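Structure first, then comments.
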Amino acid sequence: MGDFLFLELKKQVESILNDAVVSLGYEIDSLYVEASQHSDVASNIAFRLASKYRQNPKDIAEKIGNTAVIGNNSYIGKMEVTGPYLNFWAKRNYLDDTVLKIRKEKEDFASNFSSGDIILEHTSANPNGPLHVGHIRNSVIGDTLSRVLKHAGYNVRTQYYVNDIGRQIAIVSWGLKNFGFDESKKSDHAIADLYIRSNQELEKDTFKVQDIDRLMQMVENGDDDTIKIFDESVRYSLEGTKQTLKTLNVSHDEFVYESEFIRNGSVSKIIDELKSTGHTEIDNGALVVDLSDYGFEKQLVIQRSDGTSLYTTRDLSYHEQKSAESDRVIDILGADHKLVSSQLKATMNLLGKKEPEVVIFEFVSLPEGSMSTRKGKFITADDVFDKVKSQAYKEVDKRRPDMPADFKKEISDQVGMGAVRYDIVSVSPEKSTVFDWKKALDFEKQGGPYVQYSHARACNILKKAKTFWNPENSVNPSVLVEDDEVALIKKMAKFDQVIDRSAKELKPHTVATYARELADDFNQFYRYVPVNSAEDDEVRYARLALVDCARIMLANTLYILGISAPESM
RNA sequence: GGGCGUGUGGCCUAGUCAGGACAUGGCGACAGCCUCCUAAGCUGUAAACCAAGGGUUCAAAUCCCUUCACGCCCGCCA
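When the letters of the first sequence are read in order and numbered with the numbering used here, they come out as residues 28 to 596.
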């Protein structure tokens, strides 16, 4: 029947509609088949044909309804014409196949339908301090997206681009030389202290700014001692960042260092390539690229008048490398990169290279304004995680007072981080948000913990059935006829569409919405349909199989969201 | 000044790109439910005509125009 369920059903409806439309002599570009609240799938194609052919949409819908032929060997059970709408319902075998398929394929259900190599860059925060609540929006979006794309079948490599050569690292290194390193603190926090303190010093005494310029020149000229201290600064900062990301359940396959591109000659290579396009010129001693063909009024500076390279230039080299090593390049970037990323895309295009697909997310600000590492105005991710986890501990303690402390600790860590990740990923990236402690610590209903709880409930039912039911036993899914059972099965069947769309549109938040809906349907079922106490054996076993399917799907959805799925909580 | 993004019940939010059948869900409020599988659950009530105004269309939260508000950005920082 194909690899899909909902998508297969949709395809079949499109197919019979297309046959009907063609045989009636109409021409149309799309069949407008979508999921509907009135049926399983519906089409409003009659409206489109009505305006095109100047006929009554109801008549057209009627004609199509009379012409369309539903094959026996399909998922479509019923077609109904409701005024101008064409409604379709799935047949029983659609539900049965869904249950059987999930039981058979488990976490591989609706996966591996795409292929190709993707390099996905995310987080890439400057190594001059700890990650703050804005950075982790990048991490969560990037990590979730990489999980979605992997499930879809892509070979995804995630990269963190380390800016180890910029001005702010020079400032940190200057501070490290002058003030020393505070061993008592988490390394990235100690680096932030140095960065903030150094900035204050530099503001007071502009003479010292020359020190920074000198450090930058020395590092670009390959001075060993300077490189060493830069590396040390970066290593300290990154060490802390990696810990933070680990707590968030985020990991990168590779860390790519910006300085590499200067030292291995790629930067000078790309400058030559740009020159040979004929679109560069010298402006006040600096080398600039003319992007007016791409609608940019201002020229892009790629080399300073003192001959040193800029971030932009090194980023071009980095993208040249990514472009060569993969089929698709995806960047997750904050809203402040909108302009530079479109300039980068234009320049890549000018060079005749693959452009990155850029996912932009809007800013996270504080109630008192935007964050700034330099001014020390930020809330660190570590701080949020700690507070959320201890709040979660209180919640667990309240509900499961008799459980041992290590259970409470483990569950509260999972629930706390689940709440954080869900909270971040569930809002679409293009919305700017304001961080609010009260909201962060309030485990609002129907967030991460809600989905986790639904999963734990499913596990609990199965645990209770262990003595008399084996998940490997074959069952007859056709006895699952209650409304709540059918609704749950249909929701699970739609997983293929969710992954497909999320991967195509690079929108991770749709998976969060789906997770919530799936949990809704499961809880509904849980409330109204008895499983272990069902009177009939065949029914009980089929329901256990359904619970097992729900367990698999909830766990899988949580996995894609990077949230752990506790069996008990 | 210009560019990009956002504006949905008291608060947060889905839906907007591919216009259609009663605008999604939560928080908060109010009223209930321990129903045998964990009440981090479930049920019900009140509450938005989708920033404002115009336009296109048989049909607009969704497309176009204008205005307002907020956020981000605008060449030798990263």
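In this text, a Cβ means the ideal position worked out from N, Cα and C, and glycines have one as well.
Predicted model only: the values in this text are computed from it and were never measured.
Kindly indicate the opening and closing residues of the alpha helix (DSSP H) around Arg-604.
An answer regarding residue 604 cannot be provided, because it is not within the stretch 28 to 596 covered by the chain.
Which term fits Arg-331, buried or exposed, when burial requires 16 or more other beta carbons within 10 angstroms of its beta carbon?
By 1-based counting over the first sequence, the position of residue 331 is 304. Exposed, because fewer than 16 other Cβ atoms sit within 10 Å of the Cβ of Arg-331.
What are the boundary residues of the alpha helix (DSSP H) that Trp-201 is part of?
Reading the first sequence from its first residue, position 174 is the one you call residue 201. Start and end: 194-206.
Let me make sure I understand the geometry here. Which of Ser-264, Ala-47 and Asn-165 has the alpha-carbon closest to that of Leu-147?
Residue mapping note: residue 147 aligns to position 120 of the first sequence, counting from 1. Comparing Cα positions, the closest option is Asn-165.
Measure the C-alpha to C-alpha separation of Val-40 and Ser-417 and round it to an integer number of angstroms.
Walking along the first sequence from the start, residue 40 turns up at place 13. Walking along the first sequence from the start, residue 417 turns up at place 390. Cα to Cα, the separation comes out at about 51 Å.
Chain-order list of residues whose beta-carbon lies under 8 Å from that of Ile-198 (same chain, five-residue window excluded)
By 1-based counting over the first sequence, the position of residue 198 is 171. These residues qualify, in order along the chain: Asn-155, Tyr-222, Ser-225, Asn-226, Leu-229 and Ile-239.
Selected residue, minimal CA-CA separation from Val-315, among Leu-360, Lys-269, Thr-374 and Tyr-345:
Counting from one through the first sequence, the residue named residue 315 turns up at place 288. Among Leu-360, Lys-269, Thr-374 and Tyr-345, the Cα nearest to that of Val-315 belongs to Thr-374.
Using the Cα positions of Val-261 and Asp-191, report the straight-line distance between them to the nearest angstrom.
To locate residue 261, count along the first sequence from 1; it is residue 234. To locate residue 191, count along the first sequence from 1; it is residue 164. Their Cα atoms are separated by approximately 6 Å.
For Leu-588, which of helix, strand or coil comes out of DSSP?
Reading the first sequence from its first residue, position 561 is the one you call residue 588. It is coil, neither helix nor strand.
Looking at the secondary structure, which residues open and close the alpha helix (DSSP H) in which Lys-296 lies?
Walking along the first sequence from the start, residue 296 turns up at place 269. Run containing Lys-296: 293-303, per the alpha helix (DSSP H) assignment.
Leaving aside the five residues before and after Ala-419 along the sequence, list all residues of the same chain whose C-beta is less than 6 Å from its C-beta, in chain order.
In the first sequence, residue 419 corresponds to position 392, counting from 1. Ser-439, Val-442 and Gly-443.
When you compare the CB positions of Phe-388 and Met-398, do they come within less than 7 Å of one another, or not?
As a working note, residue 388 is residue 361 in the first sequence. As a working note, residue 398 is residue 371 in the first sequence. Their beta carbons are not under 7 Å apart, which means Phe-388 does not touch Met-398 by this criterion.
Heavy atom of the ligand FMN within 6 Å of Lys-349 beta-carbon:
As presented, the structure is devoid of all ligands, the ligand FMN included, so that no description of it is given.
Using C-beta distances below 7 Å, list every residue in its chain close to Thr-94, excluding the 5 sequence neighbours before and after it, in chain order.
Stepping through the first sequence from its first residue, residue 94 is reached at position 67. Excluding sequence neighbours, Thr-94 sits near Ala-47, Ser-50 and Leu-51.
For Ile-168, tell me which candidate among Gln-244, Ser-453, Asn-503 and Ala-514 has the shortest Cα-Cα distance.
The residue labelled residue 168 in the question sits at position 141 within the first sequence. Measuring from the Cα of Ile-168, the nearest candidate turns out to be Ser-453.
Straight-line Cα distance separating Arg-448 from Leu-588
Walking along the first sequence from the start, residue 588 turns up at place 561. Walking along the first sequence from the start, residue 448 turns up at place 421. Computed Cα separation, rounded: 7 Å.
Find out if the Cβ-Cβ distance for the pair Val-189, Tyr-263 is shorter than 7 Å.
Locating residue 189 in the first sequence gives position 162, where the first residue counts as 1. Locating residue 263 in the first sequence gives position 236, where the first residue counts as 1. No, Cβ-Cβ distance for Val-189 and Tyr-263 is not below 7 Å.
What is the C-beta distance between Val-538 and Val-525, in whole angstroms, given that I count them as a contact (C-beta under 8 Å)?
If you number the first sequence from 1, residue 538 lands on position 511. If you number the first sequence from 1, residue 525 lands on position 498. That belief holds up - the Cβ atoms of Val-538 and Val-525 are roughly 6 Å apart, short of 8 Å.
What does a CB cutoff of less than 8 Å around Met-28 pick up in its chain, not counting 5 residues either side in sequence?
The count along the first sequence starts at 1 and reaches residue 28 at position 1. Note that Met-28 scores a pLDDT of 44, beneath 50, so its modelled location is shaky and nothing firm can be said.
How big is the Cα-Cα spacing for Asp-354 and Ser-344?
Looking up residue 354 in the first sequence gives position 327. Looking up residue 344 in the first sequence gives position 317. C-alpha separation (whole angstroms): 17 Å.
Can you check which of these residues, Ile-329, Phe-323, Gly-322 and Leu-366, is closest to Asn-311 by C-alpha distance?
The residue labelled residue 311 in the question sits at position 284 within the first sequence. It is Ile-329 whose Cα lies nearest to the Cα of Asn-311.
For His-65, does the count of other Cβ atoms within 10 angstroms reach 16, so buried, or fall short, so exposed?
For the purposes of this step, residue 65 is taken as the residue at position 38 of the first sequence. With fewer than 16 Cβ atoms within 10 Å of its Cβ, His-65 is classed as exposed.
What residue range is occupied by the uninterrupted beta strand (DSSP E) comprising Arg-184?
Against the first sequence, residue 184 aligns to sequence position 157. That run of the beta strand (DSSP E) goes 182-189.
What do you get for Ala-598, buried or exposed, if any count of 16 or more other CB atoms within 10 angstroms of its CB means buried?
With the chain covering 28 to 596 only, the question about residue 598 has no answer from this structure.
How many angstroms separate the CA atom of Asp-144 from the CA atom of Lys-531?
Taking the first sequence and counting its residues from 1, the one referred to as residue 144 is at position 117. Taking the first sequence and counting its residues from 1, the one referred to as residue 531 is at position 504. C-alpha separation (whole angstroms): 15 Å.
Backbone secondary structure at Gly-537 - three-state DSSP:
As a working mapping, residue 537 is identified with position 510 in the first sequence. This sequence places Thr at residue 537; Gly is not what is there. Correct three-state label for Thr-537: helix.
Return yes when the Cβ of Ala-483 is within less than 7 Å of the Cβ of Leu-571, no when it is not.
Reading the first sequence from its first residue, position 544 is the one you call residue 571. Reading the first sequence from its first residue, position 456 is the one you call residue 483. Not a contact, by the Cβ cut-off of 7 Å.
Quick check on the DSSP output: the beta strand (DSSP E) that includes Tyr-449 runs from which residue to which?
On the first sequence, position 422 is the one that residue 449 refers to. It is not in any beta strand (DSSP E) - Tyr-449 instead sits in the alpha helix (DSSP H) that spans 432-452.
Counting Cβ pairs, one atom from each stretch, are 3 or more of them under 8 Å apart for the stretch 345-365 and the stretch 301-310?
no
Three or more C-beta pairs below 8 Å linking the stretch 170-179 and the stretch 576-593
yes
CB Leu-515 to CB Asp-547, shorter than 7 Å?
Your numbering for residue 515 matches position 488 in the first sequence. Your numbering for residue 547 matches position 520 in the first sequence. No, the Cβ-Cβ distance between Leu-515 and Asp-547 is not below 7 Å.
Secondary structure of Val-277, DSSP reduced to three states:
One-based indexing of the first sequence puts residue 277 at position 250. If DSSP states are grouped into helix, strand and coil, Val-277 belongs with coil.
Assigned exposure category for Leu-366 - 16 Cβ within 10 Å defines buried
What you label residue 366 is simply residue 339 of the first sequence in a count that begins at 1. It counts as exposed.
Selection from Lys-269, Gly-334, Gln-270 and Ile-218 that minimises the alpha carbon distance to Ser-295:
Taking the first residue of the first sequence as 1, we reach residue 295 at position 268. Checked all of Lys-269, Gly-334, Gln-270 and Ile-218; the closest Cα to Ser-295 is Gly-334.
In this structure, does DSSP put Leu-327 in helix, strand or coil?
Residue 327 sits at position 300 when you count from the first residue of the first sequence. Correct three-state label for Leu-327: strand.
Do you know offhand how far Val-385's Cα is from Lys-105's?
Your numbering for residue 385 matches position 358 in the first sequence. Your numbering for residue 105 matches position 78 in the first sequence. Approximately 43 Å between the Cα atoms of the pair.
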